Amino acid sequence: MELIIQDLNKTYANGVQALKDVSLTIKQGMFGLLGPNGAGKSSLMRTIATLQEADSGSITLGNINVLTQKEEVRKILGYLPQEFGVYPRVDAVTLLDHLAVLKGIKNKNERKQLVDALLHKTNLWQARNKNLGGYSGGMKQRFGIAQALIASPKLIIVDEPTAGLDPAERNRFLNLLSEIGENTIVILSTHIVEDVKELCTDMAIINKGQVLYKGSPMDAIAEIEGKVWKKRITKAELEHYRNSMNVISERLIAGSPEITVFQESKPDDGFHLTDADLEDVYFTHIFGSKKESVA
Ligand code: ADP
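This is the structure we're talking about:
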């Protein structure tokens with residue numbers, strides 16, 4: 009099954025165009041949708057999740073027309089929104105059981121088996137009788153995945169799931185996602201480059217409602233290899249470089265700036281070539297002048 013998005017457009021009532029001719033084909037596995045805050049990720053995720061309308065364009069999931077056959081989509085969709093609220097005074101077993109009833113699983117034994125399996129899968133078994141209000145951020149997110157998995161979804165959408173998780177929780181959460189991605193379409197929407205780098209076989213970079221890159225992270229890196237240059241400079245020189253070169257990122261090392269420039273040839277003597285990574289890809293597309301090479 010594939011999710012095919014074609015020429016999707018959305019302008020909000022306030023005039024903000026959140027999606028501009030977005031076209032993407034998303035296959036089984038982990039797909040990373042990478043972009044800064046305000047890029048349009050949530051708008052796209054909510055549209056795929058049938059929670060808001062597009063102005064024009066089409067989305068199909070296998071044979072289902074996502075924009076018109078909403079009930080059909082909801083049956084095979086698992087959605088973990090950016091702000092996933094839980095009922096604080098309910099425990100995981102009770103809430104999952106209740107949600108399974110709402111999903112139409114009427115048989116009590118069947119529900120128990122499912123809920124137990126989900127609690128094991130998301131590593132929440134030990135905490136199954138604890139009220140959700142006492143869960144850590146990572147546990148809440150894993151609970152969010154457990155609820156998203158109730159209907160054995162074919163498509164799972166997770167919107168900014170790792171923000172606020174500590175490194176260990178983040179790892180556990182991402183491992184869980186990648187396990188699920190073995191036989192489902194998983195769309196991971198994030199502004200965190202590392203999330204995509206570690207897990208996704210396919211990705212898109214989006215900014216200001218437009219798709220700037222689509223392809224594999226490896227191909228994206230290969231495309232800019234040999235064109236990413238770094239130089240340590242003084243703070244006083246920073247403005248000069250910003251104005252005269254295609255600076256894609258800056259960081260301080262022991263108090264002095266190191267700049268990264270995207271350019272075909274060596275910018276000047278002090279620069280050295282570096283191995284490109286996905287972060288350079290991201291900054292090149294977001295801040296560099298590569299728009300003309302958009303696929
Ligand atoms: P992201 O998820 O990448 O942060 P969003 O899809 O939330 O991006 O937002 C894209 C743009 O649309 C932003 O400029 C945002 O302010 C605007 N936007 C999002 N939702 C609404 C809304 N309901 N009404 C008006 N503008 C919105």
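To convert, take the position in the sequence shown, counting from 1, and add 8; that gives my numbering.
C-beta: ideal position from N, C-alpha, C; glycine also.
Quantities reported herein were computed from a predicted structural model and do not represent experimental measurements.
Between the CA atoms of I267 and D276 - distance to the nearest angstrom: 13 Å
Given 8 Å, three or more beta-carbon pairs between the stretch 195-203 and the stretch 116-123: no
Identified DSSP bridge partners for P265: L260
CA-to-CA distance, P96 to I84, given in whole angstroms: 27 Å
Whole runs of the beta strand (DSSP E) within the stretch 187-257, excluding any shorter than 3 residues: 193-198, 210-215, 218-223 and 236-240
Alpha-carbon to alpha-carbon, K205 and I232: 15 Å
Exposure of Y20, with buried meaning 16 or more beta-carbon neighbours within 10 Å: exposed
Run of the beta strand (DSSP E) containing G86, from where it starts to where it stops: L85 to L88
The ligand ADP heavy atom lying under 6 Å from the CB of G152: no
Exposure label - S224; buried when at least 16 CB within 10 Å: exposed
Rounded straight-line distance, which links the Cα of Q77 to that of K243: 57 Å
Where T282 falls: helix, strand or coil (DSSP): coil
Chain-order list of residues whose beta-carbon lies under 6 Å from that of I294 (same chain, five-residue window excluded): N215
Distance cut-off 6 Å: V81 Cβ against heavy atoms of the ligand ADP: no
Segment contact, 8 Å Cβ cut-off, at least three pairs: the stretch 102-120 with the stretch 151-161: yes
Pocket of the ligand ADP defined by Cβ to heavy atom distance under 5 Å: Y20, N22, V24, A26, N45, G46, A47, G48, K49, S50 and S51
Helix, strand or coil at A57 according to DSSP, with G and I counted as helix: coil
Among N22, G234 and G65, the one whose alpha carbon lies nearest that of I13: G65
Rounded straight-line distance, which links the Cα of L52 to that of N254: 30 Å
Endpoints, beta strand (DSSP E) assigned at M38: G37 to L42
Buried/exposed call for K18, threshold 16 Cβ in 10 Å: buried
Between the CA atoms of H248 and V194 - distance to the nearest angstrom: 44 Å
Same chain only: Cβ atoms within 6 Å of Q25, ignoring 5 sequence neighbours per side: T19 and G217
7 Å Cβ shell around K274 - same chain, five flanking residues per side excluded: W237
Residues of its chain near A108, where Cβ-Cβ distance is below 7 Å and the 5 sequence neighbours each way are ignored: R119, L122, V123 and I158
Contact check, L182 vs L207, beta carbons under 7 Å: yes
Ordered list of alpha helix (DSSP H) runs contained in the stretch 109-176, each at least 4 residues: 116-129 and 145-156
Beta-carbon proximity check, I164 vs T192, cutoff 7 Å: yes
Same chain, Cβ closer than 6 Å to F291, five either side skipped, listed in chain order: I256 and S257
Among G146, G145 and L127, the one whose alpha carbon lies nearest that of N137: L127
Bounding residues of the beta strand (DSSP E) (the contiguous stretch that carries Q14): L11 to T19
Collapsed DSSP secondary structure at K274 in the structure displayed: coil
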